[in-house]
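Novice: Under our numbering, think of the first position of the sequence shown as 63, with each following residue one higher.
Quick reminder that beta carbons are idealized off the backbone N, C-alpha and C, glycines included.
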Amino acid sequence: MNDPHPNLPPSRRKETISGPIARGVSGDDSKVKGGLSLIGRQLARFPVDPRLGRMLIAAGQWGCLREMAIIVSGLSVQDPRERPMEKQQQADESHRAYQDERSDFLALLKLWAFFDEQHKHLSRHKLRQLCRQRYLSYTRLLEWRDVHSQLVTLCHELELRENLVEAKYYDLHQALLTGLLSNIGLRGEEREYLGARSNKFHIFPGSALFKTKAKWVMAAQLVETSKVYAHFIAAIEPEWIEQAAKHLTKSSHFEPHWEKERGEAAVYESVTLYGLPIVAKRKVNYGRIDPFDARNMFIRHALVLGDYETRAKFFHHNRGLMEEVAELEHKSRRPDILVDEQTLFQFYDERIPAEIHAARRFETWLREQQKSQPEFLFLTKEAVMRHAADHVTAAQFPETLDVDGAHLTLTYQHEPGHADDGVTLRVPQVLLKQLDAHQLEWLVPGLLREKVIELIRNLPKNLRRNFVPVPTFVDALLPTLVEAKGALHAAITKQLQRMTGVDIPRDAWDETSLPAHLRMNIHVIDGQGTVIANSRDLEQLRGQASSTSLPSRQEAVSPFERDGIGTWDFGALPDMIEVVQQQVRVKRYPALVDQGGEVALRLFDTPLEAQDQHRRGVRRLFMLQLAQQLKYLRKSLPDIKTLCTQLAAVIACDALREHIIEAGIDAAFVSESALPRTADEFNRMLETGKGTLGDAVNTLCALLQRIASEQHALQSALRAAKHPHVVDAVRDVQEQTGLLFAAGFITRTPRRWLEHYPRYLKAARVRLEKAAHGAVREAAQREQIAQLRRRYENRLQQAQRKQETSAELLEFRWLLEELRVSLFAQELKALVPVSVQRLEKKLEGC
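1. Enumerated in chain order, which unbroken segments of the alpha helix (DSSP H) with a length of 4 residues or greater are wholly contained in the segment 184–242?
2. How many angstroms separate the CA atom of Val514 from the CA atom of Gly591?
3. Exposed or buried, Asn583, counting other C-beta atoms within 10 Å across all chains shown (16 or more means buried)?
4. Looking only at DSSP bridge pairs, what is Phe316 linked to?
5. Are the CB atoms of Leu243 and Trp278 within a distance shorter than 9 Å?
6. In the DSSP assignment, what are the bridge partners of Pro652?
7. Identify every run of the alpha helix (DSSP H) within the segment 424–508, keeping only runs that are complete inside it and at least 4 residues long; order them along the chain.
8. Let's see if you can read the secondary structure: which residues bound the alpha helix (DSSP H) around Ile554?
9. How many Å lie between Leu688 and Arg768 at the Cα?
10. Among the residues of its own chain, which have a CB less than 8 Å from the CB of Asn524, if the five just before and after it don't count?
11. So for Gly756, helix, strand or coil by DSSP?
12. Where Leu203 and Phe177 are concerned, what is the direct C-alpha to C-alpha distance, given to the nearest angstrom?
13. Give the range of the beta strand (DSSP E) segment to which Gln283 is assigned.
14. With 9 Å as the threshold, decide whether the Cβ of Ala595 is near any Cβ in chain C.
15. Taking Ile265 and Leu256 to be in contact with their CB atoms under 8 Å, please state how far apart those CB atoms are, rounded to whole angstroms.
16. Assuming the contact rule is C-beta atoms closer than 8 Å, Glu224 and Arg362 should be a hit. Round their C-beta distance to whole Å, please.
17. To the nearest whole angstrom, what separates the beta carbons of Leu439 and Arg423, a pair I think is in contact under 8 Å?
18. Using 8 Å as the cut-off, can you tell me whether the segment 699–710 makes contact with the segment 679–686, which would need three or more C-beta pairs spanning the two stretches below that distance?
19. For Met130, does the count of other Cβ atoms within 10 angstroms reach 16, so buried, or fall short, so exposed?
20. Which one or two residues does DSSP pair with Glu640 in a beta bridge?
21. Following the continuous alpha helix (DSSP H) through Ile132, name the residue where it begins and the one where it ends.
22. Check whether the Cβ atoms of Glu873 and Leu893 sit closer than 9 Å, and answer yes or no.
23. At what residues does the alpha helix (DSSP H) containing His721 begin and finish?
24. Is the beta carbon of Arg324 sitting closer than 9 Å to the one on Ala421?
25. Going by alpha carbons, who is nearest to Thr38 out of Arg357, Arg113 and Glu321?
26. Taking 8 Å as the threshold, find out whether the segment 816–834 comes into contact with the segment 882–891 through three or more Cβ pairs.
27. Please specify which runs of the beta strand (DSSP E), each continuous and at least 3 residues long, are wholly inside the segment 393–423, giving them in chain order.
28. Can you give me the start and stop residues for the beta strand (DSSP E) that Val346 sits inside?
29. Any idea what DSSP makes of Ile584, helix, strand or coil?
30. For Gly726, collect the residues of the same chain with a Cβ closer than 8 Å to its Cβ; drop the 5 residues on either side in sequence, then sort them by chain order.
31. In its own chain, which residues sit with a C-beta less than 6 Å from the C-beta of Leu222, not counting the 5 before and 5 after it?
32. If we ignore side chains and look at the alpha-carbon of each, how far apart do Gly915 and Leu654 end up?
33. My understanding is that Leu580 touches Glu516, with C-beta atoms under 8 Å, so please give their C-beta distance in whole angstroms.
34. What does a CB cutoff of less than 6 Å around Leu576 pick up in its chain, not counting 5 residues either side in sequence?
35. Would you call the segment 131–150 and the segment 195–210 touching, i.e. three or more CB-CB distances under 8 Å?
36. Considering only the alpha carbon of each residue, which of Ile554, Leu692, Gly548 and Arg527 lies closest to Asp537?
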């Protein structure tokens with residue numbers, strides 16, 4: 063056999079084929095399948111490791127042959143970079159000029175460019191001298207050029223064209239990857255990478271990627287010393303691996319589900335190469351994987367459940383027919399007239415060809431079928447009915463609803479589509495705020511089964527599929543709901559979790575998408591019984607009642623309605639009283655109200671509203687009693703001018719003074735757990751707190767000084783943060799401080815959390831210092847916090863509208879601050895154990 067490279071020395075040929083790279087060749091990578099015979103013949107022409115030859119062939123296809131010839135020839139010779147034992151540090155510093163943080167292969171290109179440029183301009187003697195100064199082997203560099211020349215000549219013989227423009231990182235490393243598929247790795251813990259066939263390796267410390275934390279890498283060489291080290295590393299993307307190794311990857315599929323917009327069943331696909339997860343979760347057409355199951359899902363979801371967009375006459379006829387029978391169910395209050403889903407499934411299963419499993423093919427078949435049998439898929443009314451409706455009972459549909467001791471009238475109207483279809487509750491306006499939204503969720507016993515069915519059907523698809531057939535699940539859980547109280551959704555969730563182990567998040571329940579008759583219709587009436595507002599949304603009605611759109615209620619004359627109070631001269635203040643209004647007895651909650659220069663007495667509709675107002679009113683009454691002492695305190699606040707200057711960006715000086723006084727009153731007099739309800743209690747708290755007020759104010763000022771100092775340091779750090787990698791972190795910290803220093807933060811922030819403001823601000827500063835060096839991790843953590851915050855704010859808004867805000871929910875806001883400390887400044891230590899998972903679970907329970 064003729065030698066394809068007679069000019070290449072025999073010793074060079076041997077080293078090229080069996081050098082360090084060759085000893086790491088994987089048998090799998092050198093295999094060729096049908097259709098690759100041309101590549102096989104081309105590989106045989108290259109006097110180098112077959113993997114290196116494969117890179118050259120791929121480089122011709124990816125438009126990066128010029129760079130690849132340099133890299134392959136560089137890998138085929140001994141590394142020209144020298145590292146003498148006595149001058150290792152100097153050599154490393156010199157070689158650092160050629161490094162690239164993304165790829166060690168690019169370092170070869172930089173080294174080549176340097177030597178090539180010097181070779182053009184310097185004499186041989188000066189070039190040798192320069193190489194010694196740069197710790198480079200002149201002999202190996204010449205050998206590199208010789209091998210490169212031979213490879214370029216061979217590439218031209220094989221009609222592989224060199225690129226005329228500089229190759230992109232993506233193209234070059236895709237071509238490299240074709241020869242290094244068995245040397246890829248996925249980052250694990252503590253800088254260890256999981257390689258092919260469960261092998262593990264570490265990046266060689268001399269690599270530019272040693273500290274970059276690249277998730278996926280490929281290596282030209284794996285060498286086992288004290289550990290298995292990878293040499294010549296490059297960061298890659300998993301998508302590149304799949305493209306380069308289609309003939310070697312293995313796929314598995316999971317979680318088949320219905321896609322309405324695509325009109326077909328889909329499934330998630332995972333792809334592995336040598337046991338490494340290249341693709342964790344990708345959506346693909348389920349019909350290509352399991353046509354039989356995909357067909358079943360198409361029939362069940364598209365045709366039976368109607369989760370499908372089509373203009374086909376049969377579909378709208380059948381949906382209309384089922385709605386007509388459902389209307390009969392609503393009128394008779396018997397939710398078992400319509401046939402079950404399995405019966406409808408069998409109807410379609412018997413008529414639709416076995417090869418059809420998606421909307422597109424179904425529509426094509428249907429057009430042909432309708433030419434000969436236009437009503438082939440039309441259902442009849444008898445086919446979708448099981449039996450006629452029986453009479454309703456009084457127990458299923460009571461005439462009144464007990465609301466806080468008042469018996470309110472219920473009326474029924476069996477007219478689907480009408481504004482008052484279903485069950486209507488007539489509520490006097492004075493009782494509107496005392497309605498319990500959870501009580502209304504339960505409707506009446508006769509509608510509960512149907513409502514629960516619809517609630518489960520409206521769950522997201524990934525949850526709903528755990529409870530099919532839905533009616534069967536509902537029949538099983540209904541008996542367990544008889545004694546349940548509180549939110550209907552919570553009761554259903556508890557029972558479904560007990561039955562299936564599936565936990566349904568609070569926000570998965572969608573009350574608004576229910577049919578109108580499955581939501582309590584509310585008529586608000588005035589003293590004459592006239593309907594003045596109506597809605598199925600209790601929160602909306604309460605908003606109307608608090609605006610001018612509804613006439614203000616006329617309160618009964620009461621000793622708990624007074625203005626101009628300056629001292630406790632009104633006797634005991636009960637927690638609750640009952641008054642007769644609009645001919646019903648209603649509960650009202652007395653409280654003091656802060657009116658600035660004086661205090662007033664008012665009655666409130668809810669205990670939470672009364673408690674909040676009473677705390678402020680009591681504070682103001684203490685301030686009125688201590689007017690002279692407070693006048694002195696305002697003038698002698700410690701370092702107030704400095705505080706005003708340092709906190710000028712977040713609060714005006716006058717407001718700062720007043721808020722310090724108010725917060726000092728809270729600390730000295732107003733207990734977190736108990737507020738005075740009698741004159742004796744008030745006077746006793748007044749006498750007890752007088753002596754501690756000065757210390758309370760001084761302590762607060764000292765705390766504010768620490769806060770101001772940390773705020774000043776943080777603002778300086780924000781102004782100094784110019785690195786492009788910290789832009790998003792800076793924006794997030796600014797938003798965080800905006801929340802911390804929201805209007806009234808001194809009085810509105812619970813003292814136990816205000817005391818941790820210095821730590822929160824310092825943690826934000828530490829975060830900025832770290833952000834530039836871990837931008838990817840910082841961004842991921844920032845997004846986790848943002849998602850938790852959005853969920854918390856939505857939950858808080860819902861709770862406030864429903865007047866069910868809990869202490870645990872309010873505390874969650876501060877646990878988010880502790881999470882920031884835990885994620886971004888662990889050295890400052892969180893006050894309590896926190897993590898993203900813990901807070902997600904805690905928010906679900908709030």
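Specialist: Here's the rundown:
1. 186–195, 200–219 and 231–239
2. 33 Å
3. buried
4. Tyr330
5. no
6. Leu665
7. 443–446 and 499–503
8. Leu550 to Thr562
9. 28 Å
10. Glu317 and His319
11. helix
12. 8 Å
13. Trp278 to Glu286
14. This model lacks chain C altogether; it includes just one protein chain.
15. About 13 Å separates the two Cβ atoms, so there is no contact after all.
16. Incorrect: roughly 58 Å between the Cβ atoms, too far for contact.
17. Actually they do not touch by this definition, with Cβ atoms about 15 Å apart.
18. no
19. buried
20. Lys649
21. Leu127 to Ser138
22. no
23. Cys715 to Ala730
24. yes
25. The structure shown does not extend to residue 38, since the chain is modelled only from 63 through 908, so no value can be given for it.
26. yes
27. none
28. Leu338 to Asn347
29. strand
30. Leu695, Leu755, Ala758, Val759 and Leu762
31. Gly122 and Leu127
32. One cannot answer for residue 915 here, as it falls past the ends of the chain, which runs 63 to 908.
33. 6 Å
34. Glu516
35. yes
36. Ile554
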